[in-house]
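Undergrad: Quick one: structure below, then a few questions.
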Amino acid sequence: MSEALGLYNYWIVIFLMMTGLYLVISTGNLVRKVVGLNIFQASVLLLYVTMGRVDGATAPIFVEGRETYTDPLPSVLMLTAIVVGVATTAVALALTVRINEAYGTIEEDEINEQEHAQELAG
Amino acid sequence: MTSEMAMILALVLPLVAAGLSFVIRSAPNVRDACSLAVGVALLGVVISLVPTVMDGGRPEIVLFEIFEGLPIAFRLEPLGMLFLLVVATLWVITTCYAIGYMRGHHEVNQSRFFGCFGLAIFASAGAALAGNMLTLFFFYELLTLSTYPLVTHHQNEKAKRGGRIYLGILISTSIAMLLLAVIWTYVIAGTLDFREGGILAGKAEGPMVIVLLALYAFGTGKAALMPFHRWLPAAMVAPTPVSALLHAVAVVKVGVFTVLKVVIYIFGIGFLTDTKASVWLMWAAATTILLGSLVAMTKDNLKERLAYSTVSQLGYIVLGAALASQWGIIGSGMHIAMHAVGKITLFFAAGAIYVAAHKTQVSQLRGIGRSMPFTMTAYSLGAISVIGLPPFGGAWSKWYLALGAAEAGQAILVGVLMVSSLLNIWYLMPITMNAFFVPPDEGPAYPPIKEAPLFCVVPLCLTALGSLALFFCAEPIYRLLLPLVPGAGGGG
Amino acid sequence: MSEHLAVLPVLLPLLAAPICFLLRNRIAAMGTAIAVCWVTFVAGVVLLRTVVTTGAPAIYELGGWSADVGIVYHVDTLAAFVVVLVSSLGAVVLTFAPQSIAKEIPKEKHHFFAALYLLSMAGLLGIAVTGDLFNVFVFLEISSLSTYALISLGQDRRALTATFRYLILGTVGATFILIGTGLMYQMTGTLNMAEMAAHIRETEGVRTVLVAIAFLTAGIGLKMALFPLHAWLPNAYCYAPSSVTAFVAATSTKVSVYVLIRWIYTIFGTQGPGSMSGVVVDLVLPAMAISGMFIASTVAIFQTNVKRLLAFSSVAQIGYMALGVSLVSESGLTAGIAHLFNHALTKGGLFLAMGCIAYRIGSVQLADMRGLGRRMPVTMFLWVLGGLGLIGVPCTAGFVSKWYLVRAALEQDALYLAVIILLSSLLAVIYVWRVIETAYFQEPPEGKDEVTEAPLSLLIPTAVLIGASIYFGLFTEWSADVAGLAARELLGVVR
Amino acid sequence: MFQQTVDILVLGLLAATALAVVRMRTLIGAAMLMGIYSFLSASWMLILDAPDVAFTEAAVGAGVSTIFVLATLSITTIRAKRQTKFQFAPLAVVVLTGAVLIYGTLDMPHFGDPEAPVHRVGNRYIKRVPEEFKIPNAVTAVLGSYRGFDTFGETTVVLTAGLGVLCLLRKRREDEPKVVTE
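Chains as they are written, first to last, in our numbering: chain A, 1 to 122; chain B, 1 to 492; chain C, 1 to 495; chain D, 1 to 182.
Here you go:
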């Protein structure tokens, strides 16, 4: 039981990550895939930030009289990760726009159908 | 000129010939003259090396290391000397023949043909001179690749199929088995140098020796040990000069040469005799000898019949290697030369018939001796030599092989050699009989003489006389090969 | 100058990229990019020479902060070798690019191409030299994002969907890496790979680290297209512009293999107490590698599009590298590392040859290549040489790596493995010869009489790569020997 | 205890939102929920005393990303097809991956453990930043200096993505060859 008390929030974070990943691989809609990817990545942020937590500490902004601060490094890493995530999202969405122009749809099965026809034609 | 320089020249000259063929493509006369000149020069260089080897010299060249301790290196020894001599001599003759054949036949892409031909000779020379197994393997593969364009020269559907079988078998066996054997040897022995007495003795033992020998024997697809012989008949789609020089001499002989080299310098004769690891190979070779002859009898296409005959004759050489005894090795080495000269005559004749009379099948050859007397006489002489009757060169090598088998106490193998000689007579001699003593199927009973171009006929007469000459000068070859078998000096 | 050598190959293309974009003029942009690539290559060679001759890794502390708090570049022989690999291939392919993209990419996007190409290269170089695990992730994303954009420049609309699929799988892979990095960080408290390696001995058998290894391997497996995680690769290679295919095929997956080597050997360790990567190295990696070698090669045989055929061949070749890495011996690792370089040359050259063909006949379908042996003799001859390299015929670089790989298998008495490696290489004979037979034995299709040899500006870079793949098949001082040196370093064998 | 209740509350909300995104059929709804999810995770980061990430996530994750998705929807389509049949494979993959991760947590130091090895480098920063910098915020110091190169890389990522998006969305001229369909 003591295990569960110390680890439950990791488990919820894992659940969150897996929900995002599930959306990515199960849906056929390109935008929903991107949304899933976002949730997946946003949950990884939580994993890192959870690690940085120290009991009884405050944010790592130095003030007189306090000794314990939370770990600043996970925050630093995740600031980078957030930006990387948004950058990926932007490129993915730009691709979605182009795919919609070229195929007239953003559904994977319809795109596959068209590609199959193209394959047979050429 | 030092021996080392002569060795380098022997390697460079064929390359020069190949290069010239590609460069001077617009002037066929100049190109062919150059090929011939280079061929003669090569022969001169090779002959100049003979005294050195006879006196026990073993010149060496080390070029550069590919892997640690594994350089591309060349080392001249008796077996390689003999092989090089055979290739160089027959190259000159074949070049003459090819000029006549290719022109008489108005072949296209002659420059590519002569270029690849030169490359193939380069590969054979490299294999003959190879100083370690890695170098030998390199040239072995180069030979496969450089002859592929020659086999598929006509670039039609039939050539493509033939080329597939040719390349498929040769590449697969060499990569899957030979390369494995080579690397395995390296891992076990830590070297791949060809050394007197072998490098594996004391390093390998038990069934591993047998497996390794099997990988070498079958991996050397060019030795055409059954069941990996199919490429040789398939290669007969090539123009006849290719079949003659490459698939009766250079390519197949590189195969058996490799097997011999492996037996002598990798395993070591003594090691094989002690472990008895090569006994099974004798039987595999004997099977190939008999089956090859039997299949040859069923073939109506002349070149295919000759190809199966070659398969069978290669079996002799492998058998001699497998005997791993004094007489076996000498017989094998000698057979490389004797069979080469005899068989190339037969192929030349087949090509001459094709050029002059456009006939390819044995059944079409009735009475052909009356219009092509020179060709068919030469054919008959070559055939007798291949059968192994005196006074032709083939008699010696078969004699030594039989002696080797008897020495090893394998009476059955002696019987196999006898039976096989009978089969040889059976499938080679009727052609002579029909050509001279049966009237042609159509036309007058005694048609006017219509031989192939002079460039074709002269070379084939030369090689026929050559196999006669070899009967009388087998002694130098014997002396050349004797150092291969240590302790044999007194046994002669 | 010399103390900045480690950082130079990354900074040069990184800083030149925005300049290329701002130049806007396509000739100026491409010219600058090519010049920068070659300078980077020279810097890379000098770096490798320095590392090899001094016998010690070049270390560069970014911002002056030492490894305990900052990010450090740690360039050992392997890293320098990969820098040379990426920069040389990048330079040659980019030299090929101007004429090739003139036909494939709209003119007003050429400066984008130049900038993205440099960014992609900078990303890959950054991955090679950095000694910090999180920094690997950041540079991986730089190279990935720019590669996505480059692939999407393909003419066919399927380039877009191929890119999208690559992006999704690539990002999932990167996020797996991020998770794995997080778990490693959590258990060791550091991101510096050397320090991580020092602390990992304390974590013997810790389940968190095992899971971290699993995630890192799966993530990088996706990136390097290790079978069966290769789903993104065939279409991405197939529909990208010719020069992009050549660049990505030659460098991107190779750098991923490098990252895997780095993790397994530098961080996790492979022998002695605390060896953490046991299951991965003993079981998972060889199983994936061998199945990839056979299945991907077999699939390649049945392709009608030659670029896709070569793409499947790449998946199979990645298998050889992974197998070499998993053998944990000097010759195995040498085989893996040497094959990185050798295959990059061969495959890069082959894809450039496909670029020449696409330039002239506008197609890479096998059926359209009928009779090409007579129409584009030089290109096809180069293709044949490259194909022989894929098979691993002697005198080609492919032979050298195959030699080491088989030797490594035999040294461990794994005869079956040696047989498997050699048999699978025979499959390459089949798919290579399918193309050769089509090009040389079939009549050209009607109405394509005007096809002539590719222009010299395309032929020369192709010939350089193919020629190099032959050269390094014979003279191994700067390929296999350096790979062997790198392998000994990784295995901790004293020089 | 209060802390734990808030924790569980926010995490529960996060889980509910994530599930809702999976079930949401309209794309605009999914985009909005994605924004809410980011916002909730930002609040949890605040609870965990990581204000810098929290603010960035609220601005960039919840704000910019959502706007991007909405903008995309406005030029493509807002309708998603209904998933016709339930797919087992993705669920299996996810459950397996999740199980592996949970297995991995079993040896983790507990949440909030100040002795956890993870703080090895973090403590160095806590000790050194006040000595070496005048800035009170450790995150800023690390971001800007100790790990400044990551930040430089991050800027490059943004540049790369910007170039990529521009390149993708740049309109073709009329005289340019159309997309080839072989």
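Glycine is no exception: its CB is placed at the ideal position from the N, C-alpha and C atoms.
Along the stretch 124–136 of chain C, what residues have a CB closer than 8 Å to any CB found in chain A?
TA: Listed in sequence order: Phe-134.
Undergrad: Is DSSP giving Phe-22 of chain B helix, strand or coil here?
TA: Helix.
Undergrad: Considering only residues of the stretch 360–409 of chain B, which uninterrupted alpha helix (DSSP H) runs meet the minimum length of 4 residues and lie entirely inside it, listed in chain order?
TA: Correct list: 368–371, 373–387, 394–407.
Undergrad: Give every residue of the same chain whose Cβ lies closer than 7 Å to the Cβ of Leu-169 of chain C, excluding the five residues on either side of it in the sequence, and list them in chain order.
TA: Excluding positions up to five away in sequence, the list reads Leu-222, Ala-231, Trp-232.
Undergrad: Counting only beta-carbon atoms, is Trp-65 of chain C nearer than 8 Å to chain D?
TA: By this cut-off, Trp-65 of chain C is an interface position.
Undergrad: So, does the CB of Val-187 of chain B fall closer than 8 Å to a CB anywhere in chain C?
TA: By this cut-off, Val-187 of chain B is an interface position.
Undergrad: Expressed to the nearest angstrom, what Euclidean distance is found between the alpha-carbon atoms of Met-321 of chain C and Val-257 of chain C?
TA: Each residue's Cα considered, the two are about 8 Å apart.
Undergrad: Suppose you measure from the CA of Lys-359 of chain B to the CA of Ser-309 of chain B; what does that come to, to the nearest Å?
TA: The straight-line gap from Cα to Cα measures roughly 19 Å.
Undergrad: According to DSSP, simplified to helix, strand and coil, what is Arg-75 of chain B?
TA: Arg-75 of chain B: strand per DSSP, three-state reduction.
Undergrad: Mind checking whether Leu-484 of chain B and Gly-333 of chain B have CB atoms under 8 Å apart?
TA: Yes, the pair counts as a contact, with Cβ atoms nearer than the cut-off.
Undergrad: Could you tell me whether any Cβ in chain C is nearer than 8 Å to the Cβ of Lys-359 of chain B?
TA: Judged by the 8 Å Cβ criterion, Lys-359 of chain B is not in contact with chain C.
Undergrad: Would the beta-carbon of Glu-57 of chain D fall within 8 Å of that of Ile-82 of chain A?
TA: It is a contact, given that the beta carbons lie within the stated cut-off.
Undergrad: Is Val-504 of chain C helix, strand or coil when you go by DSSP?
TA: Shown here, chain C extends from 1 to 495; a query on residue 504 of chain C therefore has no answer.
Undergrad: Between the C-alpha atoms of Ile-420 of chain C and Phe-475 of chain C, what's the straight-line distance to the nearest angstrom?
TA: Going from the Cα of Ile-420 of chain C to the Cα of Phe-475 of chain C covers about 27 Å.
Undergrad: According to DSSP, what are the bridge partners of Gln-365 of chain C?
TA: Answer is C:Asn-305, bridged to Gln-365 of chain C.
Undergrad: Would you call the stretch 87–98 of chain B and the stretch 208–218 of chain B in contact, with 3 or more CB pairs under 8 Å?
TA: Taking 8 Å as the limit for Cβ pairs, the verdict is that the stretch 208–218 of chain B does not touch the stretch 87–98 of chain B.
Undergrad: So, is Asn-25 of chain C buried or exposed, given that buried needs 16 or more other C-beta atoms within 10 angstroms?
TA: Exposed, because fewer than 16 other Cβ atoms sit within 10 Å of the Cβ of Asn-25 of chain C.
Undergrad: Measuring CB to CB, does Ala-115 of chain C end up less than 8 Å from Ala-17 of chain C?
TA: Yes, these two residues count as a Cβ contact at 8 Å.
Undergrad: Is there a Cβ of chain A sitting closer than 8 Å to that of Arg-158 of chain C, yes or no?
TA: Yes, Arg-158 of chain C counts as interfacial toward chain A.
Undergrad: Since Gly-61 of chain D contacts Ala-42 of chain A with CB under 8 Å, what's their CB separation in whole angstroms?
TA: So it is a contact: roughly 6 Å between Cβ atoms.
Undergrad: Taking its Cβ as the centre, do 16 or more other Cβ atoms sit within 10 Å of Pro-51 of chain B, making it buried, or is it exposed?
TA: It counts as exposed.
Undergrad: Can you tell me whether Pro-448 of chain B is buried or exposed? The criterion is at least 16 other CB atoms within 10 Å of its CB, across all chains shown.
TA: Flag for Pro-448 of chain B reads exposed.
Undergrad: If you follow the alpha helix (DSSP H) that Val-255 of chain C is part of, which residue opens it and which one closes it?
TA: Note, Val-255 of chain C: alpha helix (DSSP H), 253–261.
Undergrad: I need the DSSP call for Asp-109 of chain A, collapsed to helix, strand or coil.
TA: Helix at Asp-109 of chain A.
Undergrad: From Leu-169 of chain D to Leu-93 of chain A, what distance separates their C-alpha atoms?
TA: If you take the alpha carbons of Leu-169 of chain D and Leu-93 of chain A, they lie about 10 Å apart.
Undergrad: Name, in chain order, the residues that DSSP records as bridge partners for Asn-38 of chain A.
TA: Note: Asn-38 of chain A sits in no beta bridge, so no partner.
Undergrad: Report yes or no: do the stretch 423–440 of chain C and the stretch 173–180 of chain B share at least 3 C-beta pairs separated by less than 8 Å?
TA: Verdict: yes, contact present.
Undergrad: Locate the beta strand (DSSP E) running through Ala-58 of chain C, then write down its first and last residues.
TA: Start and end: 58–61.
Undergrad: Taking Cβ-Cβ distances below 8 Å as the criterion, which residues of the stretch 434–451 of chain C are in contact with chain B?
TA: Those would be Glu-437, Tyr-440, Phe-441, in chain order.
Undergrad: Between which residues of its own chain and Ala-383 of chain B is the CB-CB distance below 6 Å, once the five residues before and five after are set aside?
TA: Counting only Cβ-Cβ distances below 6 Å, and skipping sequence neighbours, we find Leu-428.
Undergrad: Please list, in chain order, the chain D residues whose beta carbon lies closer than 8 Å to that of Val-259 of chain C.
TA: Going along chain D, no residue has its Cβ under 8 Å from Val-259 of chain C, so there is no contact; the nearest lies around 16 Å.
Undergrad: Straight-line CA distance for Tyr-186 of chain B to Ala-397 of chain C?
TA: Taking the straight line joining both Cα atoms gives about 19 Å.
Undergrad: Would you kindly check if the distance between the Cβ of Glu-443 of chain C and the Cβ of Arg-370 of chain C is under 8 Å?
TA: Going by C-beta atoms, Arg-370 of chain C is nearer than 8 Å to Glu-443 of chain C.
Undergrad: For the putative contact between Ala-350 of chain B and Thr-463 of chain B, defined by C-beta atoms under 8 Å, what is the C-beta separation to the nearest angstrom?
TA: Not confirmed; about 13 Å, so no contact.
Undergrad: Which residues share a DSSP beta bridge with Ile-61 of chain A?
TA: D:Asn-137.
Undergrad: With a cut-off of 8 Å, do at least 3 Cβ pairs link the stretch 335–342 of chain C to the stretch 464–480 of chain C?
TA: With a cut-off of 8 Å, the stretch 464–480 of chain C and the stretch 335–342 of chain C count as touching, because enough Cβ pairs lie within range.
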